[in-house]
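Protein chains in written order, with the numbering used here: chain A, 17 to 484; chain B, 219 to 511.
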């Protein structure tokens with residue numbers, strides 16, 4: 017009996033390492049949390065040194081201790097604009113005598129940042145400024161405390177009362193408005209999907225008109241590529257989000273989410289148009305003219321010349337430009353026939369999560385600097401995102417010369433008037449709803465289910481989650 | 219005096235017991251506690267839901283897929299990380315005469331490289347459309363399956379990537395175990411004209427089984443944790459949960475969907491399943507093990 021108990025205990029000990037071992041995988045997040053907490057303590061310590069005695073001394077060191085230290089959380093690795101973040105922050109810190117910004121990188125993009133923010137919030141601390149991915153707009157605004165940009169302006173910079181309306185297109189500003197009609201933040205990194213074209217491969221396949229406008233033309237060209245070269249025609253990006261598919265389906269007249277008018281929302285993607293769009297792509301995958309693989313593999317297949325067209329974010333421009341050994345061009349996101357183009361904005365907005373008045377004021381001052389024409393231009397050059405501000409593309413101190421040399425960027429800027437919100441399902445079940453949609457996509461493209469069955473089933477499940 | 223020695227022994231155990239309490243038992247109890255609540259990590263109040271998180275897991279069709287995947291992962295990992303290193307170690311110890319150190323270094327090398335780096339490297343090498351492996355296969359008239367979105371294949375390839383990391387360590391440990399088998403026993407068997415096949419099966423393997431059993435447990439417990447990395451980097455559990463396992467699902471529920479209750483319930487079930495597996499292993503496998511000392 018004692019032996020059995022000892023056996024059970026040993027087994028439980030080994031088995032329980034599974035849980036703790038699993039925990040160790042999120043060590044990056046924990047480490048980041050720890051360092052962030054450290055920095056917050058640093059802020060508090062420095063705030064207490066704001067004494068007249070400290071002010072009276074004029075040395076640089078003392079000036080530093082008087083600065084308000086705020087944290088800026090971003091998810092830009094060095095290959096995705098991280099160096100530009102550092103440059104912008106260093107420039108701000110050098111030019112500013114009362115605010116010190118500490119930039120903190122969060123791995124695993126917006127989801128990773130959200131995970132760390134969530135963990136940080138449980139400790140009672142939050143950074144001052146954070147990048148929030150569009151898909152998290154509802155989740156963030158439902159679960160976190162933040163200051164809206166207009167509130168920050170009205171309180172700490174009343175001379176700039178019309179800053180938002182003066183500098184941003186209404187449809188762009190609207191991207192960061194939640195389902196309750198509140199401007200949660202200001203669009204910062206805005207990307208949209210474009211169609212990258214391998215001109216050499218399409219020409220070899222016998223496609224004569226490379227100015228592809230519609231999905232019908234994309235399908236016909238893909239079939240020619242398959243028949244005449246044995247390669248693939250099209251890849252539409254498939255990361256863990258539905259962003260590209262949203263543009264693809266909504267441009268056909270579908271709508272992922274519809275407001276019911278009474279404050280509630282319903283999933284409506286299983287419409288005739290939505291089903292038609294996804295079934296068309298599934299058929300292309302089945303007949304070998306399109307690819308169903310992971311995002312990295314798909315991009316690699318395009319730059320290696322094995323796939324003729326790549327439908328993905330403009331933020332991949334630098335990668336495509338640097339790696340392609342053939343003539344590459346971009347066209348605007350295709351439309352379905354003469355229907356209206358609707359493309360969801362990718363990227364993020366900046367939100368102020370600072371809690372203390374002094375921190376909120378500093379956060380707004382830093383944000384205003386990030387939205388200056390020069391900073392926006394530097395951000396676009398460093399990342400490939402489209403500037404959300406109206407006047408950056410044409411300004412001499414903006415992107416004028418850059419755009420002249422980087423023609424791949426032009427279609428993305430020209431289609432900014434077609435940008436719509438990235439659908440963010442409301443309420444606590446929003447993330448589960450998004451996951452349900454991704455599962456349906458896998459079932460359809462994997463050939464396990466027809467678009468009609470999978471979308472109708474997913475719609476039913478999501479509506480059950482959304483119903484009050 | 220004897221009593222003092224006994225107390226001293228317990229006192230010396232205390233630091234490790236403390237570490238176990240803080241980093242193992244407390245998180246485990248907290249996980250069990252959380253499995254009865256609906257909470258997303260930030261809401262000020264946790265909603266008590268009783269056993270509904272468990273009920274959800276037991277009634278969800280996805281759970282069955284994930285459980286099957288987990289067992290498939292275990293089976294494949296055991297072949298790649300226990301059977302194959304065993305065979306290679308036997309081969310190197312008893313057949314190969316020259317360059318043993320070189321082979322040891324070559325097989326061990328990948329285990330010091332990060333699995334994230336390995337996953338990214340393999341994503342490129344095994345790209346089904348334009349990777350070098352696909353290119354080579356095309357040259358010999360074969361088509362590489364689009365493994366990353368194909369049920370079954372995706373698990374096999376993720377296991378290969380994981381094995382790239384685990385193989386070397388397991389191989390060195392098994393080799394050390396086999397080296398401990400007295401040479402004179404093997405030599406006498408050879409003199410008696412016993413076939414190599416029988417020497418391996420009836421002599422070497424039973425005499426090195428203590429090491430083998432350690433690697434077996436290590437394979438099951440650590441293998442599933444290691445495989446988490448390529449899942450996270452390459453497939454994120456997809457397509458449609460075809461590459462997810464119990465460990466990844468716990469992570470996915472907690473840190474993608476922020477459902478800590480469901481995640482905790484999944485973790486608790488995982489622990490129970492592994493407890494059962496290990497109890498079975500202790501009772502039926504370890505009983506026949508030869509321990510030299």
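Where is the CB? At the ideal position from N, CA and C, for every residue including glycine.
Residue 377 of chain B is positioned such that its CB atom lies closer than 8 angstroms to that of residue 291 of chain B. Within 10 angstroms of the beta-carbon of residue 341 of chain A lie fewer than 16 other beta-carbons, which makes it exposed. According to DSSP, residue pairing for residue 90 of chain A in a beta bridge involves A:121. In the same chain as residue 390 of chain B, and ignoring 5 residues on each side of it, the C-beta atoms closer than 6 angstroms to its own belong to 326, in chain order.
Close CB contacts of residue 428 of chain A within its chain, under the 6 angstroms cut and outside five residues either way in sequence, are with 208, 210, 330 and 402 (chain order).
Take the alpha-carbon of residue 406 of chain A and the one of residue 125 of chain A: they are about 26 angstroms apart. The contact set of residue 342 of chain B on chain A, defined by CB atoms closer than 8 angstroms, consists of 316 in chain order.
Residue 477 of chain B carries a coil assignment under DSSP once its states are collapsed to helix, strand and coil. With the criterion set as a beta carbon lying under 8 angstroms from some beta carbon of chain B, the members of the segment 100 to 127 of chain A are 127, in sequence order. Using a CB distance cut-off of 8 angstroms, residue 159 of chain A counts as an interface residue toward chain B.
Three or more Cβ pairs drawn from the segment 263 to 272 of chain B and the segment 478 to 485 of chain B lie within less than 8 angstroms of each other, which places the two stretches in contact. Against chain A, a Cβ distance below 7 angstroms from residue 359 of chain B picks out nothing, because the smallest value is about 14 angstroms.
Under the DSSP definition of a beta bridge, residue 275 of chain A partners with A:281.
Residue 82 of chain A and residue 362 of chain A have their C-alpha atoms spaced approximately 38 angstroms apart. By the criterion of at least three beta-carbon pairs nearer than 8 angstroms, the segment 309 to 328 of chain A is not in contact with the segment 376 to 395 of chain A. Using a CB distance below 8 angstroms, the part of the segment 468 to 482 of chain B facing chain A consists of 468, 469, 473, 474, 475, 476 and 477, ordered along the chain. Annotation: Cβ neighbours of residue 456 of chain B in chain A (cutoff 7 angstroms, chain order): 458. The segment 408 to 422 of chain B makes no contact with the segment 434 to 451 of chain B; the number of CB pairs closer than 8 angstroms stays below 3.
By the beta-carbon neighbour count (other beta carbons within 10 angstroms, threshold 16), residue 303 of chain B is buried. For residue 340 of chain A, the nearest beta carbon of chain B is not closer than 8 angstroms to its own beta carbon. DSSP, read as helix, strand or coil, puts residue 247 of chain A in coil. Put simply, the CB of residue 138 of chain A is near chain B, with a gap under 8 angstroms to one of its CB atoms.
Looking at the DSSP output, residue 259 of chain B bridges to nothing. Residue burial is scored here from C-beta neighbours: residue 239 of chain B has fewer than 16 other C-beta atoms within 10 angstroms and is therefore classed as exposed. In the three-state scheme derived from DSSP, where H, G and I count as helix and E and B as strand, residue 349 of chain A is classed as coil. Taking a C-beta cut-off of 8 angstroms against chain A, the contacting residues of the segment 251 to 269 of chain B are 258, 259, 260 and 261, listed in chain order. Rounded to whole angstroms, the separation of the alpha carbons of residue 271 of chain B and residue 199 of chain A is 35 angstroms. Annotation for residue 110 of chain A: no residue places its beta carbon closer than 8 angstroms to its own, counting only its chain and skipping 5 residues before and after.
DSSP links residue 212 of chain A through a beta bridge to A:326 and A:346. Within the segment 147 to 216 of chain A, the complete alpha helix (DSSP H) runs of at least 4 residues fall at 153 to 159, 165 to 172, 179 to 183 and 186 to 189. Interface residue (Cβ-Cβ distance to chain B less than 8 angstroms): residue 135 of chain A is classified as such. DSSP places residue 416 of chain A in the helix class (H, G or I) of the three-state scheme.
In chain order, 311 place their CB closer than 7 angstroms to the CB of residue 255 of chain A, counting only its own chain and leaving out the 5 sequence neighbours on each side.
With distances taken between CA atoms, residue 359 of chain A lies nearest to A:348 out of A:353, A:365 and A:348. Ranked by Cα distance from residue 452 of chain A, the options A:478, A:233 and A:136 are led by A:478. Of A:171, A:148, A:323 and A:421, the smallest CA-CA separation from residue 377 of chain A is found for A:171.
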